[in-house]
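Participant: Chains A and B, in that order, are what the protein sequence lines are. Just so we're aligned: 14 in the numbering used here is position 14 of the first sequence, and the numbers increase by one with no gaps anywhere. Just so we're aligned: 302 in the numbering used here is position 302 of the second sequence, and the numbers increase by one with no gaps anywhere. Yeah, the Cβ is synthetic: ideal placement off N, Cα and C, and Gly gets one too.
Protein chains: 2
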Amino acid sequence: MATFTALDVSDVRFPTSQSLDGSDAMNKDPDYSAAYLELRTSDGRSGASLVFTIGRGNDVQAEAIRVLAPHLLCRDVDEVLDDLGAAGAAMTEDSQLRWLGPEKGVMQMAIGAVVNALWDLRCQREGKPLWRVLAELDPEELLDLVDFRYLEDALTREEAREILEAAVPGRAERIARLEATGYPAYTTTPGWLGYSDEKLERLLGEARDQGFDMVKLKVGEDIEDDLRRFAIARRVLGEDFPIATDANQRWGVDEAVAAIDALRPADPYWIEEPTSPDDVLGHAAIRRRIAPVRVATGEHVHNRIMFKQLLQADAVDVVQIDATRVGGIHENLAILLLAAKFGTPVCPHAGGVGLCEMVQHLAMADFVAISGTMEGRRIEYVDHLHEHFVEPVRISGGAYVAPRGPGIGARMHPDTIAQYRFPDGPVWKEPAA
Amino acid sequence: MATFTALDVSDVRFPTSQSLDGSDAMNKDPDYSAAYLELRTSDGRSGASLVFTIGRGNDVQAEAIRVLAPHLLCRDVDEVLDDLGAAGAAMTEDSQLRWLGPEKGVMQMAIGAVVNALWDLRCQREGKPLWRVLAELDPEELLDLVDFRYLEDALTREEAREILEAAVPGRAERIARLEATGYPAYTTTPGWLGYSDEKLERLLGEARDQGFDMVKLKVGEDIEDDLRRFAIARRVLGEDFPIATDANQRWGVDEAVAAIDALRPADPYWIEEPTSPDDVLGHAAIRRRIAPVRVATGEHVHNRIMFKQLLQADAVDVVQIDATRVGGIHENLAILLLAAKFGTPVCPHAGGVGLCEMVQHLAMADFVAISGTMEGRRIEYVDHLHEHFVEPVRISGGAYVAPRGPGIGARMHPDTIAQYRFPDGPVWKEPAA
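1. Could you tell me the alpha carbon to alpha carbon distance between F342 (chain A) and A135 (chain A), rounded to whole angstroms?
2. Should L155 (chain A) be flagged as near chain B, meaning a C-beta pair shorter than 8 Å?
3. Since I believe R377 (chain A) is in contact with P403 (chain A) (beta carbons under 8 Å), could you give me their beta-carbon distance rounded to a whole number of angstroms?
4. Quick check: what's the CA-CA separation for A117 (chain A) versus D415 (chain B)?
5. Taking the C-alpha atoms as reference points, what is the distance between L50 (chain A) and G170 (chain A)?
6. Look at I370 (chain B) and Y400 (chain B) and say whether their C-beta atoms are less than 8 Å apart.
7. What's the C-alpha gap between G397 (chain A) and G211 (chain A)?
8. Is the region 378-394 of chain B touching the region 93-106 of chain B, taking contact as three or more C-beta pairs under 8 Å?
9. Quick one: which chain B residues come within Cβ less than 9 Å of S276 (chain A)?
10. Does the region 251-265 of chain B touch the region 290-300 of chain B, meaning 3 or more C-beta pairs lie closer than 8 Å?
11. Closer than 6 Å by C-beta to E152 (chain A): which residues in its own chain qualify, once you throw out the five before and the five after it? Chain order, please.
12. Let me confirm a value: H413 (chain A) is counted as buried when at least 16 other C-beta atoms fall within 10 Å, else exposed. Which label applies?
13. Candidates B:M1, B:A25, B:R411, B:V393: which alpha carbon is nearest W192 (chain B)'s?
14. Can you grab the Cα-Cα spacing for the pair S17 (chain B) / D29 (chain B), in whole Å?
15. Helix, strand or coil: which one does DSSP assign to T92 (chain B)?
16. Assuming G282 (chain A) is part of the alpha helix (DSSP H), what are its boundary residues?
17. Please identify the residue among A:V301, A:L68, A:L385 whose C-alpha is closest to the C-alpha of A6 (chain A).
18. Using three-state DSSP, classify R501 (chain B) as helix, strand or coil.
19. Does DSSP classify R325 (chain A) as helix, strand or coil?
20. Does the beta-carbon distance from A247 (chain A) to Y186 (chain A) come in below 8 Å?
21. Kindly say whether P403 (chain B), judged by its beta-carbon, lies nearer than 8 Å to any beta-carbon of chain A.
22. Could you tell me which chain A residues have their CB closer than 8 Å to the CB of P30 (chain B), listed as they occur along the chain?
23. Look at the Cβ atom of I305 (chain A), then the Cβ atom of D279 (chain B), and state whether they are nearer than 8 Å.
24. For V77 (chain A) versus T3 (chain A), is the C-beta spacing smaller than 8 Å?
25. Around the C-beta of A231 (chain B), are 16 or more other C-beta atoms found within 10 angstroms, so that it is buried, or is it exposed?
26. Tell me whether the beta-carbon of Y36 (chain B) lies closer than 8 Å to the beta-carbon of I417 (chain B).
27. Closer than 8 Å, CB to CB, is R56 (chain A) near chain B or not?
28. Count the other C-beta atoms from every protein chain shown that fall within 10 angstroms of the C-beta of D94 (chain A), then say buried if there are 16 or more, exposed otherwise.
29. Judging by CA-CA distance, which residue of A:H300, A:E198, A:M91 is the nearest neighbour of P70 (chain A)?
30. Check whether chain B comes within 8 Å of D279 (chain A), counting only Cβ atoms and requiring the distance to be less than that.
31. Strictly under 8 Å for the Cβ-Cβ distance: is G425 (chain B) near chain A by that measure?
32. Alpha carbon to alpha carbon, how far is A339 (chain A) from D317 (chain A)? Give it in angstroms, no decimals.
33. Return the CA-CA distance between S276 (chain B) and A284 (chain B), expressed in angstroms with no decimal places.
34. Return the residues of the region 6-38 of chain B that lie within a Cβ-Cβ distance of less than 8 Å from chain A, sorted by chain order.
35. My guess is that G372 (chain A) and A167 (chain A) are in contact by the Cβ rule of under 8 Å, so how many angstroms apart are they, rounded?
36. What is the residue span of the beta strand (DSSP E) that W270 (chain B) lies within?
This is the structure in structure tokens:
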């Protein structure tokens, strides 16, 4: 019998603030980081996952993952992997740890890391990528992963079953389509606020040439700058090319409406995070007042209960799930089911460290087994840090290529961890190097 | 010039799970705990504060406080204390740490601990209790403490100024009244779910005899048990005595309505936390369907943006602030101002470790300088663990006696920290002792 022997957590940080990669109106100088988990078993295997952060506090996130160890250490691996819904629920319902959220922030992301590492282990054993393992589960098995507590006024288990059963026919064709043409992507690589106009212009041209059919610009620091950068983008890409914008929570309600009114002549495809991710009613008010400009949010929305309300309140046109913000794959399945119920497209947040590698699996599983469609959907793509992953994301013709290797996509090269470990890795001990 | 020299954080835990003090429908076996902060200065002073937790994870909370050290170490104490609004905002706006929330969970509570310790230091220097320091600030000084970002669709700085200025006349009389008669309290001491019927009956009689004019019962585990315990309370206290109930987030929307309908013949004064603290729209739906039973919530509501929405959505009859859940005194001032704007009474959550000692100051400052009223307001009281504090709360005739000693109320006896420090204090090394 194999048992869990260790939760090894590493504080891995990349000094991205030196190049202003990832800079936006609220995040001036991120050092993209990962609280990286390897969940080890007595038969010499491991499941890998991570929580993405942007630097300081990555040590707190790592510590939060470590305190979950008693939920797994010494337990039978088979027994845990056979009922992953129960394993996740036991952590969410740990009554003492629950006080630190509940179901939000550092502890919720830590639970997500452990749930995801368990799935990585399961996928390694089955020799399949996560999207495929999920897409091949029976509806009932998928339902057993979802915590319906606090959701039933919007989505009952029975309604979720109907959604999943309706998607069973056609799974095989959709898998074939995914493997043939991939899942559409859009790119944020050109649009960081800290880049010069020249760099913006060059990167926009490259994005178009690579086959992306949507890009995103960061906005919200200064409206004149935003309009100038938008004009560059329109000149490079043309009048009809979809250009999304992202304010990264910069505004209050009235400020958001005024700013979007000023941007409106440039025809933004959506405005992302116009205000606090907690402000459901604020998003709803903004959306009513800026229609037909779309409202998108989700990368900082902390759990399924908040997504439920965003949908109930008609507050969003686009749901943006994130691979490591919520309580892992299980909570993201709940959010995908909610979005399917409300008929709202999901365009996952990615970028960061490993987010592209991880979230593509959720979008692909959604296409095969939940919503059954890619209509109005694209996965964000940012061209950063992929070289550190054992199964780096692959983009072809502006689309994510369906991964074939086993796992959830989060496994890093051992050498990366040794080099970038904070504060004792060579990159941090010798910052001039 | 005095400077900040250390943030000493201790993991202090009390083995309350052995007696089932604090047991409710979601928290079966809490070990009441504090991530206890002493913020030291080069002139030998310190500010003390804490974050209350219920056991496991208290170490994560302590670590989150420690990572805030760079915001204060080596800085001039006078300069920081002269602009506490700026000191708090700098931590909230730390763009890398913000990713771990934003403004929620472990990191937000950590910021609250540091803000509160700074206030303790300031109160120690002025030789006054916090409630009095706050109550004597000019309206403009109070406004400078509040972060109005994301609030202005419900409360502008100008509207907050009007509230504060309207309360300036009469401050002296209200201070005199507070010092003469205290602030009304209600007690939760009798009502924990883990207590026997005999213990419940005895404690209810004692509460009445001590002069409390409201009590609270935990409910939500089993409706038959709830009704039996409610019948005991009605027999002891009579038909007209206000008896609040607390479900500690047990239910979804429909379950809550059904349960409250079942409890309705016993005439509950309010139902507290009927569902997830994140579910603004759920609270609003429950409130519409159970009227005239009041809905109360707040002890797990993570920031001012959520309280804003609870008020905007007509989702609560009673706002329950907590001394250590949000980003400290500054964010609680924002919440008190929001409640005053909407005319909703605030009945603070207390109990735990040091929550009574701390939150009484906020209620008293509200009475003197913000809402100007105690109408419909009572501070929760639980008879636990007060002996560990240098300035323990005092109750007389069912009311909190206005504190006269300097500080915010959180300072523990050094001996308590030595005894209960986890895992190396004698209480934890020798659990049989």
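Facilitator: Reading off the structure:
1. 21 Å
2. No, because no Cβ of chain B sits closer than 8 Å to the Cβ of L155 (chain A).
3. Between R377 (chain A) and P403 (chain A) the Cβ distance is about 18 Å, and since that is not below 8 Å, they are no contact.
4. 42 Å
5. Near 33 Å, if we compare the C-alpha coordinates of G170 (chain A) and L50 (chain A).
6. Result no, Cβ atoms of I370 (chain B) and Y400 (chain B) do not sit closer than 8 Å.
7. For the pair G397 (chain A) and G211 (chain A), the Cα-to-Cα distance works out to about 5 Å.
8. no
9. P102, E103, R149, Y150, N303, I305
10. Flag = yes, the region 290-300 of chain B and the region 251-265 of chain B touch.
11. none
12. exposed
13. B:A25
14. 5 Å
15. helix
16. Looking at the DSSP string, the run of the alpha helix (DSSP H) that includes G282 (chain A) is 280-290.
17. A:L68
18. No answer is possible for residue 501 (chain B): it lies beyond the span of chain B, which begins at 1 and ends at 433.
19. Coil, per DSSP.
20. no
21. It does not: the Cβ of P403 (chain B) has no partner Cβ on chain A nearer than 8 Å.
22. S95, Q96, W99
23. yes
24. Yes. Within cutoff.
25. exposed
26. yes
27. yes
28. Burial call: buried.
29. Nearest C-alpha to P70 (chain A) among A:H300, A:E198, A:M91: A:M91.
30. yes
31. no
32. 10 Å
33. Take the alpha-carbon of S276 (chain B) and the one of A284 (chain B): they are about 12 Å apart.
34. M26, N27, K28, D29, P30, D31
35. Rounded to the nearest angstrom, the Cβ distance from G372 (chain A) to A167 (chain A) is 5 Å, consistent with a contact under 8 Å.
36. 270-272
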